[in-house]
Amino acid sequence: AQKITQTQPGMFVQEKEAVTLDCTYDTSDQSYGLFWYKQPSSGEMIFLIYQGSYDEQNATEGRYSLNFQKARKSANLVISASQLGDSAMYFCAMREGRRSSASKIIFGSGTRLSIRP
Amino acid sequence: GAVVSQHPSWVICKSGTSVKIECRSLDFQATTMFWYRQFPKQSLMLMATSNEGSKATYEQGVEKDKFLINHASLTLSTLTVTSAHPEDSSFYICSARISSVIYNEQFFGPGTRLTVL
Numbered sequence: 014a015q016k017i018t019q020t021q022p023g024m025f026v027q028e029k030e031a032v033t034l035d036c037t038y039d040t041s042d043q044s045y046g047l048f049w050y051k052q053p054s055s056g057e058m059i060f061l062i063y064q065g066s067y068d069e070q071n072a073t074e075g076r077y078s079l080n081f082q083k084a085r086k087s088a089n090l091v092i093s094a095s096q097l098g099d100s101a102m103y104f105c106a107m108r109e110g111r112r113s114s115a116s117k118i119i120f121g122s123g124t125r126l127s128i129r130p
Numbered sequence: 133g134a135v136v137s138q139h140p141s142w143v144i145c146k147s148g149t150s151v152k153i154e155c156r157s158l159d160f161q162a163t164t165m166f167w168y169r170q171f172p173k174q175s176l177m178l179m180a181t182s183n184e185g186s187k188a189t190y191e192q193g194v195e196k197d198k199f200l201i202n203h204a205s206l207t208l209s210t211l212t213v214t215s216a217h218p219e220d221s222s223f224y225i226c227s228a229r230i231s232s233v234i235y236n237e238q239f240f241g242p243g244t245r246l247t248v249l
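Structure below.
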C-alpha cells in the first residue's frame, strides 16, 4: 500500500505567489517524521523542512512552512513568495520509527513545480 | 549541513560489465547508509539499507546478487551493479545517516547517473 501520496503531478504558479503542495501519508506508527525535499534538474536532493509526529507546532524554515494536520494525516508544504528558482521537483517523504536506527525514508511520487515569471 | 559525495557522478558502460559507485560521508560518521534508485520522471525507490560492518538489507524485489553493497567503514559504502544491462540505466542516489541519537538526520549524495549501452 502506498504510504506517501502526492496527488499533484505538476503545478504552475505565478512568481511571488504562495503555493501549497499536497501530501498525505499513511502509517500505524505513533512516532514518525515527515520531510520535504526539493530536486532541481541537477538531481541533487535538497532538504527543505522536517516535522516530527510529536511536534506541536508546524515547522517553518524561511519561506517554507509545513501545514501538519495529524488527524487528517496530511503534511502540505507551503512556499511563500515563490521565486523562479523554486522551479523543481518536490518530494514528500516519511520515516517511521523516528529515532530508530533501522528506520528508512520513503518518498512520494513527487510534484513538479514550475514558476512563471 | 553534512556533506555526502558520490563517485562517479556519471558513468557509461557496456552491457555485461560491472560498475562500482562509491558513497562517502565527508565530515561525519554514518552508521547507516541507504541506496536509492530513480528512473526518469519517477520517485526515489529505496533499494537497500547498509549498516557498517554487516550485510545490507534489501527491499523486496531488489536482487542482492545483482546489486552488491559493501559498507566497510563508517564513511564509505559502495554499490556494485554486476553484469549491467540497459534496464539498469538509472539515477542512483545514496544517503547517509548521522549516528546522532537526537537528530538522526539523513543527508543525500548528489547522485550517479548510470547509462548502460
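Chains A and B are the protein sequences, given in the same order. Here the first sequence is numbered in this note's numbering, starting from 14 and rising by one per residue. Here the second sequence is numbered in this note's numbering, starting from 133 and rising by one per residue. Glycine included, every Cβ here is placed at the ideal spot set by N, Cα and C.
Same chain, Cβ closer than 7 Å to residue i, neighbours up to 5 away in sequence not counted
i: A:T20; result: D35
Candidates the options, of which the one nearest residue i by Cα
i: A:S93; options: A:K29, A:S41, A:S127 and A:F25; result: A:K29
i: B:S150; options: B:T164, B:E237 and B:F199; result: B:F199
i: A:L90; options: A:Y45, A:Y67 and A:L126; result: A:L126
i: B:A228; options: B:F171, B:L178 and B:G148; result: B:L178
i: B:S141; options: B:T164, B:H217, B:K152 and B:E219; result: B:K152
i: A:G98; options: A:I17, A:T40, A:V26 and A:Y38; result: A:V26
i: A:S95; options: A:I128, A:T40 and A:Y50; result: A:I128
i: A:G75; options: A:K83, A:L61, A:D68 and A:S66; result: A:L61
i: A:Y67; options: A:G56, A:G123, A:M24 and A:E109; result: A:E109
i: B:V143; options: B:M165, B:A204 and B:A216; result: B:A216
Within chain A, the residues that residue i reaches when beta carbons sit closer than 7 Å
i: B:S221; result: Ordered by position in chain A, no residue passes the 7 Å Cβ test against B:S221, which lies about 14 Å from the chain.
i: B:I225; result: M58
i: B:Q238; result: I118
Check whether residue i and residue j have beta carbons under 8 Å apart
i: A:Q70; j: A:L47; result: no
i: B:Q254; j: B:G241; result: Here chain B covers residues 133 to 249 and nothing more, so residue 254 of chain B does not appear.
i: A:I118; j: A:A101; result: no
i: B:G243; j: B:Y224; result: yes
Same chain, Cβ closer than 6 Å to residue i, five either side skipped, listed in chain order
i: B:Y190; result: A180 and K196
i: B:I201; result: A180, S182, A188 and L211
i: B:T207; result: R156 and S157
Interface residues of chain A facing residue i [CB-CB closer than 8 Å]
i: B:S175; result: F104, F120, G121, S122 and G123
i: B:P242; result: S55, G56 and E57
Own chain residues within Cβ distance below 8 Å of residue i, not counting five before or after
i: B:T214; result: S150, D197, K198, F199 and L200
**Item:** chain B contacts made by the stretch 81–107 of chain A, where a contact means CB separation under 7 Å
**Value:** Only those residues of the stretch 81–107 of chain A whose C-beta falls short of 7 Å from the nearest C-beta of chain B are listed: F104.
**Asked** Taking a cut of 9 Å between CB atoms, which residues from the stretch 116–128 of chain A lie near chain B?
**Response** Taking 9 Å as the Cβ-Cβ cut-off, the stretch 116–128 of chain A approaches chain B at S116, K117, I118, I119, F120, G121, S122, G123 and R125, given in chain order.
**Message:** Residues of the stretch 36–62 of chain A in Cβ contact with chain B at a cutoff of 9 Å, in chain order, please.
**Reply:** Here the close residues are G46, F48, Y50, Q52, S55, G56, E57, M58, I59 and F60.
**Asked** If contact means a Cβ-Cβ distance below 7 Å, which residues of the stretch 150–181 of chain B contact chain A?
**Response** Correct list: T163, T164, F166, S175, L176, L178 and T181.
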